[in-house]
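Sequential numbering of the sequence shown, starting at 243, is according to the numbering used here.
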Amino acid sequence: MNDIEDITSIKLMVDEFYSRVRLDGLLGPVFAGVIKDDWQPHLDKMYAFWNAALFGVPGFKGNPFARHAPLPIGNAHFDRWLELFTQTVDAHFAGPMADDAKNRAGLMAAMFMSKLANMKGGAGRVIM
243 MNDIEDITSI
253 KLMVDEFYSR
263 VRLDGLLGPV
273 FAGVIKDDWQ
283 PHLDKMYAFW
293 NAALFGVPGF
303 KGNPFARHAP
313 LPIGNAHFDR
323 WLELFTQTVD
333 AHFAGPMADD
343 AKNRAGLMAA
353 MFMSKLANMK
363 GGAGRVIM
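And the structure:
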């Protein structure tokens, strides 16, 4: 099995991952609520995101957290997202870049969960 090597690898990873997401009972409805018909703009943005994250290639513009914050999502969604992402990477790739992608996805999920918890007050936190 090859490692994630270039944009072709990233497109395979992203396309396969979002195919899984669309069919998932927990994540599918959340994405369907935001992406009605044409997935290509989202996929193109994800190609650019992962190309920038893994290979430092310029081209991604956006604020991923701001796009996710208003969605009806919680820890279970991020856990499932990470599970599907890891399964996808492991099904197609092996090597340092594949490990880096999984690590970055884990860090991103943890950061998003933490930020969402803080926005919602977090455990034991009172918001006035």
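Ideal placement from N, C-alpha and C gives every residue a C-beta, glycine not left out.
For clarity, every value in this text was computed on a predicted model and none was experimentally measured.
At a cut-off of 4 residues, the continuous stretches assigned as alpha helix (DSSP H) that sit fully inside the segment 274-298 are 282-297. In this structure, DSSP gives residue 305 a state outside helix and strand, which the three-state scheme calls coil. DSSP places residue 300 in the coil class of the three-state scheme, outside both helix and strand.
Per DSSP, the continuous alpha helix (DSSP H) segment holding residue 327 begins and ends at 317-334. Straight through space, the alpha carbons of residue 314 and residue 321 are spaced by roughly 14 Å. Three or more Cβ pairs drawn from the segment 247-264 and the segment 333-343 lie within less than 8 Å of each other, which places the two stretches in contact. It is roughly 16 Å from the alpha-carbon of residue 272 to the alpha-carbon of residue 358. With fewer than 16 other CB atoms across the displayed protein chains lying within 10 angstroms of its CB, residue 349 is exposed.
In the structure shown, residue 345 adopts helical secondary structure according to DSSP, grouped into three states. The shortest C-alpha to C-alpha distance from residue 309 to any of 277, 325, 326 is the one to 277. Taken through DSSP and simplified to helix, strand or coil, residue 360 comes out as helix.
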